[in-house]
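Chemist:
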Amino acid sequence: MFSSLRLAALASVSLVFASSALGLALPQKRAQLCNGHAELCDRKYGNVTFLGSHDSFAFSGNPFALARTQEVDVKAQLTMGVRMLQAQSHMNNKELHFCHTIAAYLHKVKRFLDRHPNEVLTLVFTNPENLSVSDVWKPVFDKSGVTDMAYVPPQPIMSRDDWPTLGEMIESGKRVVIFLDQGAESRTEPAVEFILPQFQMLWEDKFDPTSATFPCKVDRTAGPLAPNQQLSLINHNLNANIFPIGRGILIPDRLHSPLTNGVNSILDHSAHCAQYVEDRNPNFVMLDFVNVGQGVEAVNRLNGFTY
């Protein structure tokens, strides 16, 4: 028996060295869990619902910080199950910032990904100053190491059914999907293949909603795909108008967030949008105060899990 074990071990070692010498890639072990569920490994990215964090960088534990959208930081959001991070950028002192530098933000994201190799993550960032994707955005991703994990689609515009499965993305190591709201669709500068034009592939319903009933319509999309061919995102982040004169002043509605982030409210909102996506569920449910309510449970239900 000892001799047999030795022979088996030697055979395995020989195979490794032979494969290396010939330049052959050894098969990677198939992920047993994908985003926490074995059932998601064979499900396409375009047929999964992910929990999203609106303005994920804007966190504060101070209840008097009225402009905050989150109460816990990005690390805590990811740990609790958020798998889509949204953030609005601006340039400050020649560096991209959210609240802090984007470089510091992405460092936290990369550290989480390194420690959780079976997770697929989506980043949805805004580019309000229309900064160069190749000269400004790409170097930040390169420096953080996120570029090496970024998914590059086989074609410029991906329909909802074109995406690979979560298992395929995890096995390939390309498990971060990066969308930018403007600039990535530009043809006036070198293409950055892993920074994807959001509104050509992902539509949103009404931004800054103030109605707790969350009526739905396709609000932001750029084509060429029809809404039912695109990914979809519901803005399930309720706002309160504290100065209802003229355009008003909107702040995130923390008071009602336990109800807003409840299972029933999220499922109702998803149902309102189903007419635009052939009765499918949304791909992203974006919340304020992700640590409040039942966001994780609601997304699990949308993915078909009731445990």
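If you count by mature numbering (1 follows the signal peptide of the UniProt record, and there is no 0), then the sequence shown holds residues -23 to -1, 1 to 284, one letter each, in order. Cβ coordinates follow ideal geometry from the N, Cα and C atoms, glycine included. Note that the structure is predicted; figures quoted are calculated from it, not measured.
1. Should the region 186 to 196 be called in touch with the region 247 to 267, which here means at least 3 C-beta pairs below 8 Å?
2. Per the contact definition of three or more C-beta pairs closer than 8 Å, is the region 116 to 126 in contact with the region 54 to 68?
3. Look at the alpha carbon of residue 132 and the alpha carbon of residue 253, and state the distance between them as a whole number of angstroms.
4. Can you list, in chain order, the residues of its chain whose CB lies under 8 Å from that of residue 107, leaving out five sequence neighbours each side?
5. Helix, strand or coil, according to DSSP, for residue 107 in the structure here?
6. According to DSSP, is residue 33 part of a helix, a strand, or is it coil?
7. For residue 234 and residue 51, I'd like the C-alpha separation in whole angstroms.
8. Are the CB atoms of residue 177 and residue 203 within a distance shorter than 9 Å?
9. What would DSSP say about residue 11, mapped onto helix, strand or coil?
10. Would DSSP call residue 2 helix, strand or coil?
11. Return the Cβ separation of residue 58 and residue 273 in integer angstroms, given the expectation that the two are a contact with Cβ distance under 8 Å.
12. Using 8 Å for Cβ pairs, my map puts residue 218 next to residue 184. What's the rounded Cβ distance?
13. Could you check whether residue 157 and residue 297 sit closer than 9 Å to each other, using their CB atoms as the reference points?
14. Does residue 263 have its Cβ less than 9 Å from a Cβ in chain D?
15. If you reduce the DSSP assignment to three classes, tell me which class residue 118 lands in.
Modeler: Quick answer:
1. yes
2. no
3. For this step, residue 132 is matched to residue 155 along the sequence shown. For this step, residue 253 is matched to residue 276 along the sequence shown. Their Cα atoms are separated by approximately 24 Å.
4. Stepping through the sequence shown from its first residue, residue 107 is reached at position 130. Closer than 8 Å at Cβ, skipping near neighbours: 159, 160.
5. One-based indexing of the sequence shown puts residue 107 at position 130. Three-state result, residue 107: coil.
6. In the sequence shown, counting from the first residue as 1, residue 33 sits at position 56. Residue state, collapsed to three classes: coil.
7. One-based indexing of the sequence shown puts residue 234 at position 257. One-based indexing of the sequence shown puts residue 51 at position 74. If I take the Cα positions, the gap works out to 19 Å.
8. Position 226 of the sequence shown, counting from 1, holds the residue named residue 203. Position 200 of the sequence shown, counting from 1, holds the residue named residue 177. Cβ distance not < 9 Å, so residue 203 and residue 177 don't count as in contact.
9. Taking the first residue of the sequence shown as 1, we reach residue 11 at position 34. DSSP places residue 11 in strand when its eight states are reduced to three.
10. Locating residue 2 in the sequence shown gives position 25, where the first residue counts as 1. Annotation note: pLDDT 42 at residue 2 (below 50); position unreliable, coordinate value reported separately. If DSSP states are grouped into helix, strand and coil, residue 2 belongs with coil.
11. Counting from 1 along the sequence shown, the entry for residue 58 is found at position 81. Counting from 1 along the sequence shown, the entry for residue 273 is found at position 296. Contact holds; Cβ gap of about 4 Å.
12. Locating residue 218 in the sequence shown gives position 241, counting from the first residue. Locating residue 184 in the sequence shown gives position 207, counting from the first residue. Incorrect: roughly 14 Å between the Cβ atoms, too far for contact.
13. This structure gives no information on residue 297, because the portion of the chain shown stretches from -23 to 284.
14. Absent from the structure: chain D. Only one protein chain is present.
15. The residue you call residue 118 lines up with position 141 of the sequence shown. Note: residue 118 maps to helix in three-state DSSP.
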